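Chemist:
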Amino acid sequence: MQSLNEVMRLLKAVENPKHRQTLLSEAAFAVVEQYIGAEQPEDWLFPGQREGRHLTERSA
Numbered sequence: 001m002q003s004l005n006e007v008m009r010l011l012k013a014v015e016n017p018k019h020r021q022t023l024l025s026e027a028a029f030a031v032v033e034q035y036i037g038a039e040q041p042e043d044w045l046f047p048g049q050r051e052g053r054h055l056t057e058r059s060a
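For the sequence shown, full-length UniProt numbering begins at 1 and goes up steadily by one.
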């Protein structure tokens with residue numbers, strides 16, 4: 001992954017008004033965008049092991 005080709009993406013937290021920022025390469029962003037279009041997740045983009053819970057920052 002080349003840092004010059006990375007794109008800043010803003011992810012909104014679902015359960016509160018906090019915003020999270022992360023760097024995603026164009027390829028990673030395309031995969032996430034394709035996943036959202038195909039699966040249309042309703043709860044979490046990154047679900048955790050427990051039902052109804054999101055992946056924690058530490059797990060990511």
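Cβ coordinates follow ideal geometry from the N, Cα and C atoms, glycine included.
A quick note: this is a predicted structure, and the numbers were derived from the prediction, not measured.
Along the chain, where does the alpha helix (DSSP H) that runs through GLY52 open and close?
Modeler: Against the sequence shown, residue 52 aligns to sequence position 52. Here GLY52 belongs to no alpha helix (DSSP H), and DSSP marks it neither H nor E.
Chemist: Do you know how far the Cα of GLU33 is from the Cα of GLU39?
Modeler: Position 39 of the sequence shown, counted from the start, is the residue given in the question as residue 39. Position 33 of the sequence shown, counted from the start, is the residue given in the question as residue 33. Distance from the CA atom of GLU39 to the CA atom of GLU33, rounded to whole angstroms, is 10 Å.
Chemist: Alpha helix (DSSP H) containing PHE29: first to last residue?
Modeler: Indexing the sequence shown from 1 puts residue 29 at position 29. Note, PHE29: alpha helix (DSSP H), 26–39.
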